[in-house]
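>
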Amino acid sequence: MSDQLSERINNLVPSATLEMAAKARELRASGKDIIGLSLGEPDFNTPDYIKDAAIQAVKDGYNSYTPVDGYVELKDAIITKFKRDNGLNYERAQIVVSTGAKQALYNVAQACLNQGDEVILPCPYWVSYSDIVKLSDGVPIEVKTSIDNNFKMTPEQLEAAITPKTKMLWYSSPCNPSGSIYSKEELRGLADVLKKYPKIIVVSDEIYEHINYGVTTHASMAAFEDMYDRTVTINGVAKAFAMTGWRIGYIGAPSYIARACNKLQGQVTSGANCIAQRAVITALLESPSRVQYMVDEFKNRRKLILELLNNIDGFKCNEPEGAFYVYPDVTAFFGKTFNGKTINNASDFAMYLLEEANVATVTGDAFGNGNSIRISYAASEEHIREAISRISDSVE
Ligand SMILES: *Cc1c(COP(=O)(O)O)cnc(C)c1O
51 MSDQLSERIN NLVPSATLEM AAKARELRAS GKDIIGLSLG EPDFNTPDYI
101 KDAAIQAVKD GYNSYTPVDG YVELKDAIIT KFKRDNGLNY ERAQIVVSTG
151 AKQALYNVAQ ACLNQGDEVI LPCPYWVSYS DIVKLSDGVP IEVKTSIDNN
201 FKMTPEQLEA AITPKTKMLW YSSPCNPSGS IYSKEELRGL ADVLKKYPKI
251 IVVSDEIYEH INYGVTTHAS MAAFEDMYDR TVTINGVAKA FAMTGWRIGY
301 IGAPSYIARA CNKLQGQVTS GANCIAQRAV ITALLESPSR VQYMVDEFKN
351 RRKLILELLN NIDGFKCNEP EGAFYVYPDV TAFFGKTFNG KTINNASDFA
401 MYLLEEANVA TVTGDAFGNG NSIRISYAAS EEHIREAISR ISDSVE
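For reference, each letter of the sequence shown is one residue, going 51 to 446 in my numbering.
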């Protein structure tokens with residue numbers, strides 16, 4: 051019956067990370083002891099002070115439609131946060147609250163892209179970027195980076211990728227999946243190229259801003275005066291505040307883009323959940339130091355997983371500076387045969403690890419880079435030890 055469906059939906063591929071999680075659940079249901087290191091989700095609980103704000107909001111009777119672009123008090127909290135953490139000055143008309151950063155990205159794509167517009171995506175990029183661009187009739191232009199350059203795009207690569215059809219540049223820093231962070235100087239290098247192309251809009255996804263291990267200080271593209279008027283800053287509470295299921299993300303943007311996103315959202319969702327919005331006011335107004343304990347724990351696990359992986363022949367790791375993923379190059383395993391199965395690419399390798407080691411990871415192909423797999427270390431130390439030991443045994 052799929053011929054009854056739209057070409058749009060038939061051409062859309064399912065989210066690889068959600069698909070891997072579903073496969074792992076299936077195997078688990080059939081009795082297999084699967085360790086899941088595939089999902090980008092903190093294994094912490096939402097902090098109590100944020101939960102309490104939500105409970106209070108229920109009691110206070112917050113149950114009506116909210117303004118489409120978010121409660122004014124939440125927009126003001128976001129404005130305070132942008133000023134406090136990023137040195138960015140936004141007004142209410144420049145802020146839109148959405149159902150997760152994912153919807154914020156989708157809104158921006160729908161608002162800005164026409165048929166055939168090109169969007170530059172440094173690879174590896176977050177799994178949904180290319181599909182959101184395609185859904186919006188845009189054309190993803192992948193710029194390959196390598197582990198030797200810490201998976202960062204150089205100004206020369208950016209320049210070479212620009213054509214008369216280039217409409218946007220999208221990236222995340224800290225990067226999901228590589229954990230790389232563009233320093234202020236590196237962003238300035240990219241901005242210097244963009245100076246020559248004043249129409250290109252930049253989408254800077256900063257959702258991992260607070261999950262930073264202190265190697266490189268977080269910087270925002272919009273903080274450069276000459277980039278402010280054409281940069282959309284994306285952020286959200288899912289990762290740093292362990293609030294994935296609450297579904298709140300937001301943008302700070304030029305007001306014409308914010309207005310367009312508001313209009314779209316008004317026809318599609320009517321705005322984000324009211325209780326979650328109230329809770330996020332508290333999350334953002336409290337000091338980010340209150341969630342530092344999670345970052346400290348991720349830092350310990352990062353050290354552990356790097357030590358363990360570097361002991362396995364064939365895994366070549368970069369040192370992630372933020373987020374909670376390692377992105378090892380696994381090309382050393384390509385062409386090898388294990389237990390009668392030949393590994394030809396990263397997808398084969400991730401499938402091999404799922405079936406033979408009972409560990410769920412994600413193929414790098416999902417992120418536009420087929421030399422690596424993504425391993426999440428948002429898991430307990432015990433699970434990390436057991437998972438890497440199984441991986442080690444399975445490739446010995
Ligand atoms: C998780 C993630 C998102 C989506 O965040 P939600 O608020 O859960 O929709 C967006 N960008 C990146 C890079 C992510 O890792």
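No residue lacks a Cβ here, since even glycine has one placed at the ideal position from N, Cα and C. All values reported here derive from a predicted model rather than from experimental measurement.
How would you write the range of the beta strand (DSSP E) that M218 sits in, first residue to last?
216-222
> Using the beta-carbon count (16 or more within 10 Å), is L461 buried or exposed?
The chain is shown from 51 up to 446; residue 461 falls before or after that span and cannot be answered.
> Where are the alpha helix (DSSP H) runs, 4 residues long or more, that stay fully inside the segment 92-155, in chain order?
98-109, 122-136
> Identify every residue that forms a DSSP beta bridge with L359.
Per DSSP, none; premise fails for L359.
> Given A303, which residues of its chain have a CB within under 6 angstroms of its CB, disregarding the five upstream and five downstream residues?
Non-local beta-carbon contacts of A303 in its own chain, meaning distances under 6 angstroms to residues more than five positions away in sequence, involve Q144, V282 in chain order.
> Could you name the residues that DSSP lists as bridge partners for E192?
L171
> Cα separation between D279 and A308?
Looking at the backbone, the Cα of D279 and that of A308 are separated by about 12 angstroms.
> Taking 8 angstroms as the cut-off, is the C-beta of N226 nearer than that to any heavy atom in ligand 1?
Flag set: Cβ of N226 near ligand 1.
> Starting from the C-beta of A226, find all residues in its chain whose C-beta is less than 7 angstroms away, skip the five residues before and the five after it, and write them out in chain order.
A quick correction: the sequence has Asn, not Ala, at residue 226. The answer, listed in chain order, is G90, W176, Y258, A373, Y375.
> Put R352 into one of helix, strand or coil per three-state DSSP.
helix
> Are there any heavy atoms of ligand 1 lying less than 8 angstroms away from the beta-carbon of V287, as far as the coordinates show?
yes
> Please list, in chain order, all residues of the same chain as T387 whose beta carbon is under 7 angstroms from its beta carbon, the five residues on each side excluded.
none
> Keeping to the same chain, check which residues put their C-beta closer than 8 angstroms to that of L314; ignore five residues upstream and five downstream.
Correct list, in chain order: N157, Q160, A161.
> Residue range of the alpha helix (DSSP H) that N61 falls in?
It spans 57-61 - the alpha helix (DSSP H) in which N61 sits, taken as one unbroken run.
> Can you give me the Cβ contacts of A107 inside the same chain, cut-off strictly under 6 angstroms, excluding the 5 residues immediately before and after it?
I325, R328
> Tell me the residue span of the beta strand (DSSP E) that contains S426.
Counting along the chain, the beta strand (DSSP E) containing S426 begins and ends at 423-426.
> With burial defined as no fewer than 16 other Cβ atoms inside 10 Å of the residue's Cβ, what is the status of G120: buried or exposed?
buried
> Flag K131 as yes when its Cβ comes closer than 8 angstroms to any non-hydrogen atom of ligand 1, and as no otherwise.
No.
> For ligand 1, is there a heavy atom less than 8 angstroms away from the beta-carbon of T216?
no
> Within a Cβ cutoff of 7 angstroms, which residues of the same chain sit near I438, ignoring the five residues on either side of it in sequence?
I355, L358, L359
> Can you tell which of Y247, V243, W296, S222 has the C-alpha that lies nearest to the C-alpha of H268?
Here the closest residue by C-alpha is S222.
> Using the DSSP secondary-structure output, state which residues sit across from I85 in a beta bridge.
V409
> Can the beta-carbon of T466 be found less than 9 angstroms from the beta-carbon of A333?
Absent from the structure is residue 466, since the part of the chain shown begins at 51 and ends at 446.
> Give a single yes or no on whether Q153 has its beta carbon closer than 8 angstroms to a heavy atom of ligand 1.
yes
> In the DSSP assignment, the beta strand (DSSP E) including T281 goes from what residue to what residue?
281-286
> Report the rounded CA-to-CA distance for N419 versus N394, giving the unit in angstroms.
Spanning the alpha carbons of N419 and N394 requires a straight line of approximately 14 angstroms.
> For I261, which residues of its own chain have a beta-carbon under 7 angstroms away from its beta-carbon, when the five flanking residues on both sides are left out?
Excluding its 5 nearest sequence neighbours in each direction, I261 has C-beta neighbours in its own chain below 7 angstroms: P224, K289, A290, V345, F348, G372, A373, F374, listed in chain order.
> Taking 8 angstroms as the cut-off, does the CB of A373 come closer than this to any heavy atom belonging to ligand 1?
True, at least one ligand heavy atom lies under 8 angstroms from that Cβ.
> Who are the near neighbours of E336 in its chain, counting only those whose CB is closer than 7 angstroms to its CB and skipping five residues on each side?
Cβ within range, chain order: Y99.
> Where does T332 fall in DSSP's three states?
helix
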